[in-house]
Amino acid sequence: NAFLAKAGFPAPTATKTGTTIVGIVYKDGVILGADTRATEDTIVSDKNCSKIHFLAKNMYCCGAGTAADTEKTTLTISSQLELHRLNTGRVVPVATANRMLKQMLFRYQGYIGAALVLGGVDSLGPHLYCIYPHGSTDKLPYATMGSGSLAAMAVFESRWKTNMSEDEGKKLVRDAIAAGIFNDLGSGSNIDLCVIRSGSVDYLRPYDQANVKGT
């Protein structure tokens, strides 16, 4: 890197997920959605990056920020949740995952570049949390994060309603991610969805392609 710097080349930057990630609570559970573009500075480094991470059988987590940080953070917490499940013999509450994630991120004072949307269903019903890189959290009926979050939030604020059906929820999440893709250069490619219900999960990858280029 020092040799390249002397020759006038910039040092490589961390891969960022750019990103539009969203989640909603619907009638029977939670639907999470994400685009699939990862960037290094102004270069698209990955067109089909998976941003919806497995945490436990009843919960998943979307990650925005530095790709390595979101991957490692969710992997670490996923293993801790499995140990918790084995120790207690019960389905882990979503609030437990939220607490673990926020405590880990707070400990590092924002130096872990992971902004997360956590969704899951437990004995108390569906839950959706926004988790910020410094460790603060919000519990919300719908949430957006990442560089395309404003465009996605505009879709949610105009169309989200309580007790939506699964088909309505899928279409809303798809349209919110598409809004992020079309209005933000850091977001792009495909739309991934994860539908979490009590007792079952559908991980739809890809669910849709937002902007198919002509040949």
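If you use the numbering used here, the sequence shown corresponds to residues 76 to 290, in order. Cβ atoms here follow ideal geometry from the backbone N, Cα and C, with glycine treated the same way.
Residues near residue i by beta carbon distance below 6 angstroms, same chain, minus five either side
i: SER181; result: According to the sequence provided, residue 181 is Phe. The question's Ser does not apply to it. Cβ within range, chain order: GLY210.
i: ARG280; result: ASP267
i: GLN184; result: none
i: THR290; result: In this prediction, THR290 scores a pLDDT of 46, lower than 50, which makes its location untrustworthy; no coordinate-derived value is stated.
i: ARG249; result: ILE266, ASP283
i: LEU79; result: none
Residue closest to residue i, alpha-carbon to alpha-carbon, out of the options
i: ASP121; options: THR111, ILE127, PHE129; result: THR111
i: GLY194; options: ALA131, SER262, SER264; result: ALA131
i: ASP197; options: ASN173, THR219, TYR217; result: ASN173
i: LEU215; options: ILE256, ALA170, ASP259, VAL270; result: ALA170
i: THR207; options: ALA253, LYS102, LEU176; result: Here the sequence assigns Tyr to residue 207, which means Thr is not the residue at that position. When only C-alpha atoms are compared, the closest one is LEU176.
i: THR94; options: GLY164, ALA139, LYS288; result: ALA139
i: SER262; options: SER273, GLU243, ALA285; result: ALA285
i: LEU156; options: ASP144, TYR135, THR145; result: TYR135
i: PRO85; options: GLY108, THR117, LEU107, LYS147; result: THR117
Neighbourhood of residue i by C-beta distance below 7 angstroms, restricted to the same chain and skipping five residues each side
i: PRO201; result: VAL100, GLY104, VAL105
i: ASN123; result: THR111, SER264, ASN265
i: ARG272; result: ASP103, GLY104, VAL196
i: GLY83; result: none
Local Cβ density within 10 Å of residue i, reported as buried at 16 or more and exposed below that
i: ALA77; result: exposed
i: THR151; result: exposed
i: ASP277; result: exposed
i: LYS288; result: exposed
Residues of its chain near residue i, where Cβ-Cβ distance is below 8 angstroms and the 5 sequence neighbours each way are ignored
i: LYS81; result: none
i: LEU203; result: GLY98, ILE99, VAL100, VAL105, VAL192, LEU193, GLY194, LYS214, LEU215, PRO216, TYR217, ALA218
Check: residue i C-beta below 7 angstroms from any heavy atom of the ligand ADP
i: GLY261; result: Absent from the structure shown: the ligand ADP. Ligands present: none.
Range covered by the beta strand (DSSP E) that runs through residue i
i: LYS214; result: 212-214
i: ARG165; result: No beta strand (DSSP E) contains ARG165, which DSSP labels as neither H nor E.
Residue span of the alpha helix (DSSP H) that contains residue i, given as start and end
i: ALA86; result: Note, ALA86: premise wrong, no alpha helix (DSSP H); not H, not E.
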